[in-house]
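Chains as they are written, first to last, in this note's numbering: chain A, 157 to 431; chain B, 39 to 263; chain C, 3 to 308.
(1) Report the rounded CA-to-CA distance for residue 324 of chain A versus residue 141 of chain C, giving the unit in angstroms.
(2) Indicate whether at least one CB of chain E lies closer than 9 angstroms to the CB of residue 161 of chain C.
(3) So who's on the other strand from residue 209 of chain A, going by DSSP bridges?
(4) Who are the near neighbours of residue 268 of chain A in its chain, counting only those whose CB is closer than 6 angstroms to its CB and skipping five residues on each side?
(5) Taking the alpha carbon of residue 255 of chain A as the reference point, which residue from A:428, A:338, A:197 and A:427 has its own alpha carbon closest?
(6) Taking residue 225 of chain C as the reference, give the member of C:207, C:247 and C:208 with the closest Cα.
(7) Would you check if the distance between the CB atom of residue 122 of chain C and the CB atom of residue 218 of chain C is smaller than 9 angstroms?
(8) Using a Cβ-Cβ distance cut-off of 9 angstroms, determine whether residue 292 of chain C contacts chain A.
(9) Counting only Cβ-Cβ distances shorter than 9 angstroms, please list the residues of the region 103-134 of chain B near chain C, keeping chain order.
(10) How would you call residue 296 of chain A, buried or exposed, if buried means at least 16 neighbouring beta carbons within 10 angstroms?
(11) Here's the rule: buried if 16 or more other CB atoms are within 10 angstroms of the residue's CB, otherwise exposed. What is residue 26 of chain C?
(12) Taking just the CA atoms, how far does residue 115 of chain C sit from residue 192 of chain C?
(13) Three or more beta-carbon pairs under 8 angstroms between the region 421-429 of chain A and the region 171-189 of chain B, yes or no?
(14) Please state the DSSP three-state secondary structure of residue 48 of chain C.
(15) Quick one: which residues of the region 118-131 of chain C get their C-beta closer than 8 angstroms to a C-beta of chain A? List them in chain order.
(16) From residue 351 of chain A to residue 150 of chain C, what does the alpha carbon distance come to, in whole angstroms?
(17) What in chain A is Cβ-close to residue 234 of chain C, meaning under 7 angstroms?
(18) Tell me the DSSP bridge mates of residue 187 of chain B?
(19) Within a Cβ cutoff of 8 angstroms, which residues of the same chain sit near residue 124 of chain B, ignoring the five residues on either side of it in sequence?
(20) Count the other CB atoms within 10 Å of the CB of residue 228 of chain A; is the residue buried (16 or more) or exposed (fewer)?
(21) Just to check my reading of the structure: residue 111 of chain B and residue 209 of chain B have Cβ atoms closer than 8 angstroms, yes? What is that Cβ distance to the nearest angstrom?
(22) Alpha helix (DSSP H) containing residue 391 of chain A: first to last residue?
(23) Do residue 143 of chain C and residue 167 of chain C count as a contact pair if the criterion is CB distance below 9 angstroms?
(24) With a CB to CB cut of under 6 angstroms and the five nearest residues on each side skipped, what residues in its chain are close to residue 214 of chain C?
(25) Does the separation of the CB atoms of residue 135 of chain B and residue 196 of chain B fall below 9 angstroms?
(26) Check whether the region 394-414 of chain A touches the region 205-216 of chain A, counting contact only when three or more Cβ pairs, one atom from each stretch, lie closer than 8 angstroms.
(27) Do three or more CB pairs link the region 273-292 of chain A to the region 45-65 of chain B at distances below 8 angstroms?
(28) Taking only beta carbons into account, state which residues of the region 216-241 of chain B come closer than 7 angstroms to chain A, listed in chain order.
(29) Determine the contact status of residue 121 of chain A and residue 391 of chain A, defining contact as a CB-CB distance below 9 angstroms.
(30) Bridge partners of residue 236 of chain A, per DSSP?
(31) On a Cα-Cα basis, can you pick out the residue from C:198, C:109 and C:237 that is closest to residue 267 of chain C?
(32) List, in order along the chain, the chain B residues whose C-beta lies closer than 8 angstroms to that of residue 38 of chain C?
(33) Give the straight-line distance between the Cα atoms of residue 188 of chain B and residue 221 of chain C, rounded to the nearest whole angstrom.
(34) Name the residue from A:404, A:376 and A:305 whose alpha carbon lies nearest to the alpha carbon of residue 257 of chain A.
(35) Please name the residue in C:161, C:43, C:79 and C:80 whose C-alpha comes closest to that of residue 91 of chain C.
(36) Can you round the beta-carbon distance between residue 41 of chain B and residue 215 of chain B to whole angstroms, since I take them to be within the 8 angstroms contact cut?
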């Protein structure tokens, strides 16, 4: 009897010890040689973690910039940077830079600095290849999908087509899956995110970006407040654009979708100061 | 304070709770019906019926509700085109009700079964002695007493259902309380705690009376033995 | 088994009838299963290409196992935290100090009534934006929500466990000169804890299931990874089924363990009651105070409110 009780207590202690050790490591202390870069892990075409491979346009730009700053690819430590945590991660020194579909806004600029922009995205629609939806005005009576708590779908409904049916799901990937099943007519968010989703192997040739962006989002490189790296990073991005590597990365990550970014704003021209 | 009060004009908080109450009501009806049928299957003399009931209960109650609701909207509707009618939003509401009902039916079944276990053997023997066969005996003698014995677990299942109705958020029911709260704290980072407390207290106000009612009912209807 | 309550041992005629119905039942079950499988096949959901991803090592190594690891991490932290929380507030509710008792009651009743999802969504924003905590705030949000809710349930388990002990336990404690608190600490709570074990395992199942809610705040748990993996591969339905199967397997095993533990505790109690086979009088068998049946079942409140 006594043994049983001790056994139970020991088991509980073991479980507790296991829990403690399993969350001990990995606080993200890089050595001097390496650089910690925050990206999305679940955004195909921009920042996606596939086992130990990291792919996407954000990742490619980050690699190029890191290389220019003197960090080889193997010295990059990739960190997951979910939208809600990006400012915090920079303020707490958990990452050195963030490339994660990070729009430059006044609000954010108060607490962090931005280099770039390295891309100018715009809110757009992803539709089936044979769809006749070309602009948000065509969405009346159609089914539109977006992410819970995002304003982009509501904006379409308020400004362009008030008879749109809105579906809200936890992620854009779910929206695209839903459209693959044919129950959704369009998905809305930034054009490059849509293109990245549509470029996935399972959806090759099925979807296209409508190509009528109706907003402007400047994707910047998130940096800790008061950084002195903006000049170097902007120079690296400019070099990437001029060398053609920027274009190449964009094409490779949106291949098969026929997507071309808004040429009026892309590629962006950069100054040598923070945005 | 004005800052806080402005959220009520900006967002429809009572409306959000009303959606959860409606979800709960329909799902509770469905779960009670299906759960009773399952309980009958599980206590029947036919082995294959018992197996069907037991498999259902063991599969469903070990699956996260999140997956069940997500399955409804992504797989049933999204991939298989399964539509429960109503307008565009109405379909998601019904799918969520279906998911909630399917999930909680397993717990209703177990609640009723535990209620059946409170019925003394003599009751069934007496029922058979006066010539009732299985179904009439169940209907007239066993189940009425079993339901009384099951009031407390059923009440607890109802409370769980009220709270779990928030999981409809993953099923594209964007007007319910947790989605509304998510949107609110997303845009009003200055008053995150007051917003959370508002919703939390809302649920306390709904749930506590149900708990008290359950206790009161179970005492009032307790079978004198 | 409840079955015996409801019907006599069947005679030859009834046995024949039952056999016939049995066959019909089995056919219905098989029919249902076939209907589902063919329904899926008709919708092009049964192609091997959609399923064989899940028998590939890389899928498991890169997505499912890391996801499962995070799910288990959240669940284990959740159960450990819940037991600590439950002990503190359970004892608080047993306290004779009106202030401590009242405070504990309010805390426990409050967190039992608030949906876990609501807490997860709140803590996620609260930790990452308001407190600006470093680290995986999504994990801590999930763990905090699980601890507050399940800890309150455990507190009730502790309280009802102590209440259901024979009165003689405390009286004996006081008789040998222990204070009320000492008797609680050294005699009553240890017994209540052992008796709670099956219910605690049941609560672990609840925690595991609820950790899947972290999916909504993009906590990288099993469901999240299953979804991330399947979205570029176009097999969402299959991924959800695989994720569900993993949860069912783990939870079913835990449920069985809970049953075995409770049966062992139950048999111990019987021995003690008959008195014949229980020589170690010091360790009085803890009666299994909590109903065994509803343990894994009760998504919430395994014990009735009293």
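Note that CB positions come from ideal geometry on N, CA and C, so glycine has one too.
Fair warning: this is a prediction, and the values are worked out from it, not measured in the lab.
So, to answer that:
(1) As a first step, residue 324 of chain A is located in the first chain; it is residue number 168 there, counting from the start. As a first step, residue 141 of chain C is located in the third chain; it is residue number 139 there, counting from the start. Separation of residue 324 of chain A and residue 141 of chain C (C-alpha to C-alpha, rounded to the nearest whole angstrom) is 24 angstroms.
(2) Judged by its chain identifiers, the structure shown contains no chain E, and its protein chains are A, B and C.
(3) As a working note, residue 209 of chain A is residue 53 in the first chain. Residue 209 of chain A pairs with A:206.
(4) For the purposes of this step, residue 268 of chain A is identified with residue 112 of the first chain, where counting begins at 1. Around residue 268 of chain A, the same chain offers 243, 246, 378 and 381 as residues with beta carbons nearer than 6 angstroms, after the five sequence neighbours per side are excluded.
(5) Here residue 255 of chain A refers to the residue found at position 99 when the first chain is read from its first residue. It is A:197 whose Cα lies nearest to the Cα of residue 255 of chain A.
(6) As a first step, residue 225 of chain C is located in the third chain; it is residue number 223 there, counting from the start. With distances taken between Cα atoms, residue 225 of chain C lies closest to C:247.
(7) Translated into positions along the third chain, residue 122 of chain C becomes position 120. Translated into positions along the third chain, residue 218 of chain C becomes position 216. The criterion of a C-beta distance shorter than 9 angstroms is satisfied by residue 122 of chain C and residue 218 of chain C.
(8) One-based indexing of the third chain puts residue 292 of chain C at position 290. At residue 292 of chain C the pLDDT is 33, less than 50, meaning the model places this residue with poor confidence; the figure from the coordinates comes in the next sentence. Judged by the 9 angstroms Cβ criterion, residue 292 of chain C is not in contact with chain A.
(9) Per Cβ criterion, the list reads 103, 104, 105, 106, 108, 109, 112, 113, 114, 116, 117, 118 and 119.
(10) In the first chain, the residue the question calls residue 296 of chain A occupies position 140. Taking all protein chains shown into account, residue 296 of chain A has fewer than 16 neighbouring C-beta atoms within 10 Å of its C-beta and is therefore exposed.
(11) In the third chain, the residue the question calls residue 26 of chain C occupies position 24. Burial call: exposed.
(12) By 1-based counting over the third chain, the position of residue 192 of chain C is 190. By 1-based counting over the third chain, the position of residue 115 of chain C is 113. Across the structure, residue 192 of chain C and residue 115 of chain C are spaced so that their CA atoms are roughly 28 angstroms apart.
(13) Flag = no, the region 421-429 of chain A and the region 171-189 of chain B do not touch.
(14) If you number the third chain from 1, residue 48 of chain C lands on position 46. Residue state, collapsed to three classes: coil.
(15) Under the 8 angstroms Cβ criterion, the region 118-131 of chain C contributes 126, 127, 130 and 131.
(16) Locating residue 351 of chain A in the first chain gives position 195, counting from the first residue. Locating residue 150 of chain C in the third chain gives position 148, counting from the first residue. Taking the straight line joining both Cα atoms gives about 42 angstroms.
(17) In the third chain, residue 234 of chain C corresponds to position 232, counting from 1. Neighbours of residue 234 of chain C on chain A, chain order: 200, 356, 357 and 358.
(18) Your numbering for residue 187 of chain B matches position 149 in the second chain. Answer is none; residue 187 of chain B lacks a bridge partner.
(19) Translated into positions along the second chain, residue 124 of chain B becomes position 86. 131 and 132, listed in sequence order.
(20) The residue you call residue 228 of chain A lines up with position 72 of the first chain. Exposed, because fewer than 16 other Cβ atoms sit within 10 Å of the Cβ of residue 228 of chain A.
(21) If you number the second chain from 1, residue 111 of chain B lands on position 73. If you number the second chain from 1, residue 209 of chain B lands on position 171. About 5 angstroms separates the beta carbons of residue 111 of chain B and residue 209 of chain B, which is inside the 8 angstroms limit, making them a contact pair.
(22) Within the first chain, residue 391 of chain A is the residue found at index 235, counting from 1. Taken as a continuous stretch (DSSP letters only), the alpha helix (DSSP H) holding residue 391 of chain A covers 386-399.
(23) The residue given as residue 167 of chain C occupies position 165 in the third chain. The residue given as residue 143 of chain C occupies position 141 in the third chain. Not a contact, by the Cβ cut-off of 9 angstroms.
(24) If you number the third chain from 1, residue 214 of chain C lands on position 212. Sequence-distant partners of residue 214 of chain C (beyond 5 residues in either direction) whose C-beta falls short of 6 angstroms from its own C-beta, in its chain, are 225.
(25) Locating residue 135 of chain B in the second chain gives position 97, where the first residue counts as 1. Locating residue 196 of chain B in the second chain gives position 158, where the first residue counts as 1. A distance of 9 angstroms or more separates the beta carbons of residue 135 of chain B and residue 196 of chain B.
(26) Verdict: yes, contact present.
(27) The region 273-292 of chain A vs the region 45-65 of chain B: no contact.
(28) Cβ contacts with chain A come from 217, 220, 221 and 224.
(29) Because chain A in this structure spans residues 157 to 431, residue 121 of chain A falls outside the shown range and cannot be described.
(30) Start at 1 with the first residue of the first chain, and residue 236 of chain A comes out as number 80. Residue 236 of chain A has A:195 as its beta-bridge partners, per DSSP.
(31) For the purposes of this step, residue 267 of chain C is identified with residue 265 of the third chain, where counting begins at 1. The option with the nearest alpha carbon to residue 267 of chain C is C:198.
(32) Translated into the one-based positions of the third chain, residue 38 of chain C becomes position 36. Neighbours of residue 38 of chain C on chain B: none; closest Cβ ~11 angstroms, over 8 angstroms.
(33) Taking the second chain and counting its residues from 1, one reaches residue 188 of chain B at position 150. Taking the third chain and counting its residues from 1, one reaches residue 221 of chain C at position 219. Using only the alpha carbons, I get a separation of about 37 angstroms.
(34) Here residue 257 of chain A corresponds to residue number 101 of the first chain, with the count starting at 1. From the listed residues A:404, A:376 and A:305, the smallest Cα separation to residue 257 of chain A is found for A:376.
(35) Stepping through the third chain from its first residue, residue 91 of chain C is reached at position 89. Of all alpha-carbon atoms in C:161, C:43, C:79 and C:80, the one lying nearest the alpha-carbon of residue 91 of chain C is that of C:161.
(36) Within the second chain, the letter at position 3 stands for residue 41 of chain B. Within the second chain, the letter at position 177 stands for residue 215 of chain B. Distance from residue 41 of chain B to residue 215 of chain B at the Cβ level is roughly 21 angstroms; contact not present, criterion being Cβ atoms closer than 8 angstroms.
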